[in-house]
Amino acid sequence: RRVHGAFYNDGHRHSPTVGFSSSANSTSTYRVKGHNNTAKFGVTLGIYNRCVKESTRRTFAVTNVVINPNFTSPTGNYDVAIITLNQTTDYTPICLPGQVDKNLTNRVGEILGFGETTEGDTTMPCTLQGAYIQIFAAEECKESELPSQVPNPQILCAGVTGGGVDSCQGDSGGPLQLVDDGKFVLAGIVSYGFGCGKIGYPGIYTNVYYYLDWIKENM
């Protein structure tokens, strides 16, 4: 079963997170930058309905947060952070991408989150939402309405050609996952977008494959 988690700051849900080892989780740098007191942090895993108390949930303290030192807010490049838990978990982690995931053009992946289902509607859903989107080729991203810094190897540009399906506010830090040989693979991390589901504005995702060496060095 897919395991979704949430990163908390001082008791308040701050961002989605996804575990890729027994004690390490990933999220978006936007969500943790500037928050330096790990004593106030926590990660809850096994969330499927945030409005009820679930037996699948377990909460862990955070011992360390590593932000990619090259992160720049204006471009969104290097938007990846690693959260280390205070103990190992018995949840099955998502797999990191391999060589087969170097070129993801036209692959279909799944996004998950508890973010807005309609842009501007701040009523968040109780149950974990999911949707399927396509990872676009660099040429398609160039032809979109996205800024000139897109595309680049550090990000994935993904969505639905006709619009209407997208990650949205509250989803940043969550997964864009694929299935390889029956296993879930973390291909991307929700980074940012221009509105939600707008035609010509695909979502932007951190390309996890690009950061494999950095991730492994900081796990």
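Sequential numbering of the sequence shown, starting at 1, is according to the UniProt record's numbering.
Just so it is clear, CB atoms sit at the ideal spot from N, CA and C, and this is done for glycine as well.
Please state the DSSP three-state secondary structure of Ala39. For Ala39, the secondary structure class from DSSP, reduced to helix, strand or coil, is helix.
Cβ neighbour criterion (16 or more within 10 Å) applied to Ala187: The residue in question, Ala187, is buried, as its Cβ has 16 or more Cβ neighbours within 10 Å.
Roughly how many angstroms lie between the CA atoms of Lys102 and Tyr209, to the nearest whole one? Roughly 6 Å between the two C-alpha positions.
First through last residue of the alpha helix (DSSP H) which encompasses Glu217: 212-218 is the span of the alpha helix (DSSP H), which, as asked, contains Glu217.
Which complete beta strand (DSSP E) runs does the region 46-88 hold, if anything under 3 residues is left out? As far as the region 46-88 is concerned, its whole beta strand (DSSP E) runs of at least 3 residues are 58-67, 81-85.
Residue from Thr118, Ile199, Phe114 with nearest C-alpha to Pro125: If we check each option's Cα against that of Pro125, Phe114 comes out closest.
Cα separation between Asn25 and Ala61? In this structure, the CA atom of Asn25 is about 12 Å from the CA atom of Ala61.
Taking all protein chains shown into account, decide if Ser172 is buried (16 or more other Cβ within 10 angstroms of its Cβ) or exposed. With 16 or more Cβ atoms within 10 Å of its Cβ, Ser172 is classed as buried.
So, Arg107 versus Leu178, is the Cβ gap smaller than 8 Å? Yes, these two residues count as a Cβ contact at 8 Å.
List the whole-angstrom C-beta distance separating Tyr91 from Gly42, where the pair is believed to meet the contact cut-off of C-beta under 8 Å. Taking C-beta atoms under 8 Å as the contact rule, Tyr91 and Gly42 fail to qualify, at a distance of about 15 Å.
DSSP three-state call for Ala138: helix, strand or coil? Helix.
Decide yes or no for the touch test of the region 45-56 against the region 67-74: beta carbon pairs closer than 8 Å, at least 3 of them. Cβ pair count under 8 Å is below three, so no.
Taking a contact to mean a Cβ-Cβ separation below 8 Å, would you say Leu45 touches Thr63 in this structure? Taking 8 Å as the Cβ cut-off, Leu45 and Thr63 do not qualify as a contacting pair.
Ranges of the beta strand (DSSP E) found wholly within the region 115-199, counting only runs of at least 3: Those beta strand (DSSP E) runs which fall completely within the region 115-199 and span 3+ residues are 129-135, 155-159, 175-180, 183-192.
With DSSP as the reference, label Thr29 as helix, strand or coil. Three-state DSSP puts Thr29 in a helix.
What does a CB cutoff of less than 7 Å around Pro93 pick up in its chain, not counting 5 residues either side in sequence? Closer than 7 Å at the Cβ level, and outside the excluded window around Pro93, lie Gly19, Phe20, Ser21, Ser22.
DSSP beta-bridge partners for Val208? Beta-bridge analysis with DSSP links Val208 to no other residue.
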